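K.L.:
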Amino acid sequence: MSSNLLHMYKYMEETFDEGEMFKKWFKFDGIMAWFIVTGAMLVGLSIGLMTLLESDIVNQAGAENRHVAFLRISEFVGNMIGKTGGIRDVAVLQELIQDVREIRPRILRLSVFEITPASSSLIVSTDPEVPPQTLDPQERTEIEAGRPIMQLDESSAERAWRITAPIVIDGKVVGALRGLFSVQEYDDLIKQEIELAKAIGIGVVLVASLTFLLLIHVKIHRPVHRLLHAMGKVEAGDLSSHAATTGPVEIQEVASQFNRMLDRVREADIEKDRLLDEIQHFNQTLQKRIAEATEELQQANRDLVEARLAVEESQRLAALGELSATMAHELGNPLNALSGHLQMLTQAGESSNRQRHLAVIRSEVDRMVAIIRQVLDQTRVPLRPAPINLNRTIQEVLSLLSPDLQKQRVTLKTDLQADLPSVAGDPRALHGLLFNLAVNAVQAMPSGGKLTIRTRAACSTEIPGAVIVSEGALVNGTTVRLTIADTGNGIPPEHLSRIFEPFFTTRHEQGGTGLGLAICHRVVTDSGGRLAVKSVVRQGTEFTVDLPMWKEREIRRRQ
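This is the structure in structure tokens:
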């Protein structure tokens, strides 16, 4: 099944848990919760906004009403003062204030100020606290201009408008009337409206929630349940089912997309099976060809190594032949001279003649020694020491010999020290040393056996077995010890001392040349190492090689 289909199914299953949704469809979660919360918020915001607007309208209307009413009271007080004879008549003013408070019980406090060109002073007041004795300069300026001042006072327990209006007599401002006009009745009205709005809001939210719940149940839950049922069948492996395209347009589109995706999944499943069959067939063919190519490559590697060794052997034999011819030519003349003078020496009777012949013989012997040393110096191949990872070289040699090990039914066991130090030697020569020792071990087990290769960093000066190459020039202290052991036929004691001689071999019938171990002897000697061998007939043979560790300063000094 397609991973996209599974992801989609799991997502929708998490969003619409069919078991919980339909067993407890009043549960407050999923789409229902968002609809109800959103509806409640919208209804609440609408009611709150309407309440604020209505409260503001009521406040503005109340303020305007209080303002107009207070101006009428101020005008009434001015007319009465003009008729009674003056603003300083306290008794008349108190009676007027009492009449006004009876007419307007919402007026909490009243104060009358006289305004003269020089000042403003309080005449009478109903304020139970100590009232201000004069008007503020700003109030006085506004009053003298004939403009009333209105401010909302919320310092007391009951909100009220503090209104100061001019008292005008015969067109002249003679005083000011200040009153505290309560807005308690408007506040009560606003509270009643808020309570009513709350009740209406709760009712609207409940009705909207129930409506949303019913609509969601009918229009969303049922189509989603059908879609989930179809998905469940697909998850169980039934790719032949289809989801019903019912419900709102969005869910119908989801169901249609699901059906189209399911059709593509069926096609992809068929194509996948076909591709798997092709891939399996291709893998089988590829593995077969790789096995054949690997076998051919390994055989080519073996042939290449054998050819290289054969070429090197031919080159050595050719060089040996050339060396023999050179030696015969260079030593022939001195030997002829020696033969002649020896014959003359036997015939010479006088002492002076014998001394002359002996001098010539000594001179020719010295010349032959010089010729032999010159030839040896010219034929010696200098090694180029370098740091070598012995374990890696062993793995390279074993990769070449692995096909022969299988054919000869030889079991390989390697015990290579992981942190083995680098050894000093010529890489090509050391590779040949390992290859010759391993090949000899495999050839010594024609009926199969066990080949063991082990490396260690050794501090011992003793080397097991018969020592062939003793203390090397570069072996002092810690060395790297290589051990190659087989369970083959073993070497007879009478042959043990001769196996490293050039051209000595007991396998002429198998094509042995007798040069492999001679080369190993030469490599160990030139590398400054040690070599020992021990063998038991019909039990096996073990070669031990101690190679010097790479110490660049000491190696350079000895070169």
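Going left to right, the sequence shown walks through residues 0 to 558 as numbering that gives the first Met the number 0 numbers them. Even glycine gets a Cβ: it sits at the ideal position worked out from N, Cα and C. Since this is a predicted model, take the numbers as computed values, not measurements.
1. Consult DSSP for Gly424 and reduce its assignment to one of helix, strand or coil.
2. If you check the beta carbons only, do Val468 and Leu546 fall under 8 Å apart?
3. Go to Lys406, then tell me how far its alpha helix (DSSP H) extends in each direction, as first and last residue.
4. Indicate whether the contact test is met: 3 or more Cβ pairs, each with one atom in the segment 416-435 and one in the segment 520-528, closer than 8 Å.
5. What are the start and end residues of the alpha helix (DSSP H) that includes Pro222?
6. Would you identify the three-state DSSP class for Met20, choosing helix, strand or coil?
7. Per DSSP, what are the beta-bridge partners of Lys171 in this structure?
8. Would you tell me roughly how many angstroms separate the C-alpha atoms of Lys412 and Ile483, rounded to the nearest one?
9. So what does Val559 bridge to, in DSSP terms?
10. Please classify Phe502 as buried or exposed, where buried requires at least 16 other C-beta atoms within 10 Å of its C-beta.
11. Grab the span of the alpha helix (DSSP H) containing Gly515 for me, first residue to last.
12. The beta strand (DSSP E) that contains Ala531, what's its start and end?
13. DSSP three-state call for Glu13: helix, strand or coil?
14. Buried or exposed for Glu541, going by 16 or more other Cβ atoms inside 10 Å?
15. Rounded to the nearest angstrom, what separates Met149 and Thr163 at their Cα positions?
16. In whole angstroms, give me the CA-to-CA distance for Ser73 and Ile166.
17. Quick one: any contact between the segment 382-389 and the segment 404-411, if contact means 3 or more CB pairs under 8 Å?
18. So, are the CB atoms of Ser124 and Glu113 less than 8 Å apart?
19. Going by C-alpha to C-alpha distance, which of Ala531, Thr477 and Asp485 sits closest to Ser496?
20. What is the rounded straight-line gap between the Cα of Leu5 and the Cα of Met230?
21. Please state the DSSP three-state secondary structure of Pro547.
22. Let me know the beta strand (DSSP E) ranges lying completely inside the segment 424-461, each 3 residues or longer, listed in chain order.
23. Look at Leu134 and Ala175 and say whether their C-beta atoms are less than 8 Å apart.
24. Where Val438 and Asp403 are concerned, what is the direct C-alpha to C-alpha distance, given to the nearest angstrom?
25. Which one of Pro222, Leu514, Pro147 and Met444 has the shortest CA to CA distance from Ser313?
26. Using 10 angstroms around the beta-carbon of Pro222, count the other beta-carbons present and answer buried if the total reaches 16, otherwise exposed.
27. By a C-beta neighbour count over all protein chains shown, 10 Å radius and 16 as the cutoff for buried, is Arg263 buried or exposed?
28. For Ala428, tell me which candidate among Val396, Gly200 and Leu296 has the shortest Cα-Cα distance.
29. Excluding the five sequence neighbours on either side, which residues of its own chain have a C-beta within less than 7 Å of the C-beta of Pro463, listed in chain order?
30. What does DSSP give as the partner residues of Leu481 in its beta bridges?
31. Just grab the DSSP bridge partners of Leu411 for me.
32. Starting from the C-beta of Leu399, find all residues in its chain whose C-beta is less than 7 Å away, skip the five residues before and the five after it, and write them out in chain order.
33. If I follow the unbroken beta strand (DSSP E) through Val89, where does it start and stop?
P.N.:
Checking against the coordinates, here is how it stands:
1. strand
2. With a cutoff of 8 Å on beta-carbon distance, Val468 and Leu546 are scored as not near each other.
3. Leu389 to Lys406
4. yes
5. Arg221 to Glu234
6. Because Met20 sits at a pLDDT of 43, beneath the cut-off of 50, its placement in the model cannot be relied upon, and the point is left open.
7. Ile168
8. Going by the C-alpha atoms only, they are around 10 Å apart.
9. A question about residue 559 goes unanswered here, because the residues of the chain that appear run from 0 up to 558.
10. With fewer than 16 other Cβ atoms within 10 Å, it is exposed.
11. For Gly515, the enclosing alpha helix (DSSP H) has its first and last residue at Gly515 to Ser526.
12. Arg529 to Val535
13. Low per-residue confidence applies at Glu13: pLDDT is 48, beneath 50, and the placement is therefore not dependable, though the value from the model is reported in the following sentence. Taken through DSSP and simplified to helix, strand or coil, Glu13 comes out as helix.
14. Label assigned to Glu541: buried.
15. 7 Å
16. 6 Å
17. no
18. no
19. Ala531
20. Reliability fails at Leu5, whose pLDDT of 47 lies under 50, so the model's placement of it is uncertain and no value is given.
21. strand
22. 448-457
23. yes
24. C-alpha separation (whole angstroms): 9 Å.
25. Leu514
26. buried
27. exposed
28. Val396
29. When the five nearest sequence neighbours on each side are left out, the beta carbons in the same chain lying within less than 7 Å of the beta carbon of Pro463 are those of Ala531, Lys533 and Thr543, in order along the chain.
30. Note: Leu481 sits in a beta bridge opposite Thr454 and Val544.
31. Answer is Leu450.
32. Asn300, Arg301 and Val304
33. Taken as a continuous stretch (DSSP letters only), Val89 belongs to no beta strand (DSSP E), being part of the alpha helix (DSSP H) at Val89 to Ile102.
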